[in-house]
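Below is one structure, written out as structure tokens, with a few remarks after it.
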Amino acid sequence: MADVAAAPPRAQHNWSIGWGDAGPFLALAALVAIGYLINPDFLSANNIANVVTRSAFIAIIAIGATFVISSGGLDLSVGSMAAFITGVMILFMNTVAPSVGTAAIPLGMAVALVTGIACGLLNGTIVTVGRIEPFIATLGTMGIFRALITYMTDGGTVAIDRSLRDAYRPVYFGDVLGVPIPILVSLAVALVAAYVLYRTRYGRRCVAVGANEDVARYSGISVTRIRITAYVIQGACVAIAAICYVPRLGAATPTTGLLWELQVITAVVIGGTALRGGRGRVWGTVAGAVILEFIANLMVLSDFVSEYLVAAVQGVIIIIAMLIQRMSKR
1 MADVAAAPPR
11 AQHNWSIGWG
21 DAGPFLALAA
31 LVAIGYLINP
41 DFLSANNIAN
51 VVTRSAFIAI
61 IAIGATFVIS
71 SGGLDLSVGS
81 MAAFITGVMI
91 LFMNTVAPSV
101 GTAAIPLGMA
111 VALVTGIACG
121 LLNGTIVTVG
131 RIEPFIATLG
141 TMGIFRALIT
151 YMTDGGTVAI
161 DRSLRDAYRP
171 VYFGDVLGVP
181 IPILVSLAVA
191 LVAAYVLYRT
201 RYGRRCVAVG
211 ANEDVARYSG
221 ISVTRIRITA
231 YVIQGACVAI
241 AAICYVPRLG
251 AATPTTGLLW
261 ELQVITAVVI
271 GGTALRGGRG
281 RVWGTVAGAV
291 ILEFIANLMV
301 LSDFVSEYLV
311 AAVQGVIIII
321 AMLIQRMSKR
């Protein structure tokens, strides 16, 4: 029965791209053309590389959010979670660095990943076992994670130990054959996520749960397990993004990851994933994250809109995207 319930999503999700799936990429192409007309420097190799690299953090986290939202959930804590994971990672590395040297970096990465998974497990358990609405549950953990990083930093900044900075810098500033490492990491995460969501039983069941929870449950699918796993995937993705983010600034502060949840949800919605659940688009999510960063970059390069209004523009974009989704249902 479980396989029967999972069959419809199999037909909806495949590697081919229809017109609906192509929407984010067409918008991205149009944005690139507009950017070039506004400022030819927009398409310079350095600018494109910098913009796509900066979008990698949001893209990685948004890929995890694609699983959560596809399953009918929501996670508002990702920005605070990223700050908390970053703080835990840096404090751990600084503590063990005098004893193990640069080996503290891979150890810190492992600690970050475990912390992210634990945070995702916490969110998933509160939502499913506690039967609390995802909006309320993750709003609560958002406050908890932000308070914890503020406490850990004593309201200030925790910087990575000087002995580790040079060894860690290549994780963000390095490249392989000219491609920045954060971009390669985001592509690797997207490839794995696309395979899991489109080609595995878990992916089909994840979408089935988001489409109709009651039908999925009556078909023998463990809704609790599916949703908890989605939140765990989200936590792991936040940890991977934090690992790539640390060498960029070399520190954690109470404002790290501020408003990332807005960017993440916007990227997911722009990418074609239904906010109500039941449909997920991994590659569309990646395109959505790049679109947001391109828009922010254009606001810096042009004088049309102040760069201080980036968050306002992103808010308008998610409202428009939701209106389009609603109208498409009619």
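Following the UniProt record's numbering, the numbering of the sequence shown begins with 1 at its first residue and continues without gaps.
Every residue, glycine too, gets a C-beta built ideally from N, C-alpha and C.
Below 8 Å, enough C-beta pairs join the region 110-127 and the region 236-244 to call them touching: three or more. Ser99 counts as exposed, since fewer than 16 other C-beta atoms from the protein chains shown sit within 10 angstroms of its C-beta. Note: Asp175 is bridge-paired with Pro180 in the DSSP secondary-structure output.
Under DSSP, Val68 shares a beta bridge with no residue. Proximity to Leu262 across Asp303, Val313 and Gly284 peaks at Val313, based on C-alpha coordinates. Beta-bridge analysis with DSSP links Val290 to no other residue. As the crow flies, the alpha-carbon of Ile317 is around 9 Å from that of Val269.
Closest option to Gly203, judged by alpha-carbon separation, among Val282, Ala59 and Ala296: Val282. Between Ala289 and Ile58 a beta carbon distance of about 4 Å is seen, short of the 8 Å cut, so the two are scored as contacting. The alpha carbon of Gly210 has as its nearest neighbour, out of Thr95, Ser70, Leu309 and Leu28, the alpha carbon of Ser70. Per DSSP, the continuous alpha helix (DSSP H) segment holding Asn94 begins and ends at Val78 to Val100. Following the DSSP letters along the chain, one finds Glu213 inside the alpha helix (DSSP H) bounded by residues Glu213 to Tyr218. Contact between Ala103 and Ala251 does not hold, since their C-beta atoms are separated by about 21 Å, which reaches or exceeds 8 Å. Per DSSP, Leu122 is one residue of the alpha helix (DSSP H) stretching across Ala104 to Thr128. Runs of the alpha helix (DSSP H) lying entirely within the region 221-258, each at least 4 residues long, are 223-249 in chain order. Under the DSSP assignment, Arg281 falls outside any alpha helix (DSSP H); it carries neither an H nor an E label.
The C-alpha of Glu293 lies about 7 Å from the C-alpha of Arg54. With 16 or more other Cβ atoms inside 10 Å of its own Cβ, Met81 counts as buried. Straight-line measurement puts the Cα of Val185 at about 18 Å from the Cα of Ile291.
Measuring C-alpha to C-alpha distances from Gly284 to each of Leu107, Gly64, Val176 and Asp214 identifies Gly64 as the nearest. Contact annotation: Ala22 and Gly271 have beta-carbon atoms that are not nearer than 9 Å.
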